[in-house]
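Comments concern the structure below.
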Amino acid sequence: MRKLTLMACCALMAFACKEKAEKTVAEETPTMAEAKTETSESEWTVLFDGKSFDGWKEYMKDDISDNWKIEDGAMVFYPPEKRERGQIFDLVTEKEYTDFVLSLDWKISEGGNSGVFWGINEEAGLGKPYESGPEVQVIDNEKHPDAKNGLSHQAGALYDMVDPTEDVTNPAGEWNTMVITVNHKEQKGSVELNGKKTVEFPVGNEMWNVMVSKSKFANWEHFGKYVSGKIGVQDHGNQVAFKNIKIREL
């Protein structure tokens, strides 16, 4: 009888130890969903961490002027009271990108205008980023006059080329989340604004050329010609803020 009791106790102890070990492994091993999230996040590169302008500079310059401030984790542009003729303060990345998904938040001042560019070239003779880089519009749809010049001039549009399918912007003074995808491999791009895909466009093919030919950029020698280029945010003379800027290269 004692022998049977002893054997039973040993069996119970072995089972308890096994159960504890399996529980520990389960607790330490991430689920498939958790593993996927960690992998997805690791693919993103932070372009602006809310603390410094590392990785950025002003267009055709080596530094950044005092017109750009870092406030509450955002880069904020304050237009100068006086500006020399032709002077601009657009920011661009130091690094060039080709195929990517770019995610950022933007907030425009009342009556304000700005934009986000890609494919920017700093070749001598090019005075402004928009001479080479296509733009996704950032604007106060209600109060800036350019927003009245057609849907392709409104927030989230591929400027002067593709209209948003709907207006999903938040009012001036509130944050908007925008995701821009440019994929030359698949020859397509898109804009997602506040969780909705509102713009799709061709990239790097004859359809792109036709689209450009019907826009104000038709005779611009350098516009949209660079497969790889810098990403930039625009000084259009109004206060604007950007934060949570990150990129995932494709």
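First residue of the sequence shown: 1, per the UniProt record's numbering; consecutive thereafter. Every residue, glycine too, gets a C-beta built ideally from N, C-alpha and C.
Given this structure, state the Cα-to-Cα distance separating residue 226 from residue 120, to the nearest angstrom. Here residue 226 corresponds to residue number 226 of the sequence shown, with the count starting at 1. Here residue 120 corresponds to residue number 120 of the sequence shown, with the count starting at 1. Using only the alpha carbons, I get a separation of about 7 Å.
Can you check which of these residues, 155, 165, 218 and 144, is closest to residue 262 by C-alpha distance? The structure shown does not extend to residue 262, since the chain is modelled only from 1 through 250, so no value can be given for it.
On the three-state DSSP scale, how would you describe residue 166? Locating residue 166 in the sequence shown gives position 166, counting from the first residue. In the structure shown, residue 166 sits in coil (DSSP, three-state: anything other than H, G, I, E or B).
Looking only at its chain, what residues have a beta carbon closer than 7 Å to the beta carbon of residue 29, apart from the 5 residues adjacent to it on each side? Start at 1 with the first residue of the sequence shown, and residue 29 comes out as number 29. Bear in mind that a pLDDT of 41 at residue 29, under 50, signals an unreliable position, so the number given afterwards is only what the model happens to contain. Within the same chain, residue 29 has no close Cβ partners at all.
My output table needs one value for residue 56: the three-state DSSP class, helix, strand or coil. Reading the sequence shown from its first residue, position 56 is the one you call residue 56. Note: residue 56 maps to strand in three-state DSSP.
Whose C-beta lies closer than 7 Å to the C-beta of residue 78 among residues of the same chain, with five residues either side of it excluded? Counting from one through the sequence shown, the residue named residue 78 turns up at place 78. Closer than 7 Å at Cβ, skipping near neighbours: 67, 69 and 239.
Hey, residue 230 and residue 96: beta-carbon distance below 7 Å or not? The residue labelled residue 230 in the question sits at position 230 within the sequence shown. The residue labelled residue 96 in the question sits at position 96 within the sequence shown. Yes; because the gap between Cβ atoms is below 7 Å, this pair is in contact.
So, for residue 23: in the same chain, excluding its five sequence neighbours on each side, which residues have a beta-carbon less than 7 Å away from its beta-carbon? Translated into positions along the sequence shown, residue 23 becomes position 23. Note that residue 23 scores a pLDDT of 42, beneath 50, so its modelled location is shaky and nothing firm can be said.
Less than 6 Å between C-beta atoms, sequence neighbours within five positions excluded: which residues of the same chain meet that for residue 248? Residue 248 sits at position 248 when you count from the first residue of the sequence shown. Cβ within range, chain order: 43, 44 and 101.
Rounding to the nearest angstrom, what Cα-Cα distance links residue 217 and residue 207 in this structure? Within the sequence shown, the letter at position 217 stands for residue 217. Within the sequence shown, the letter at position 207 stands for residue 207. The straight-line gap from Cα to Cα measures roughly 15 Å.
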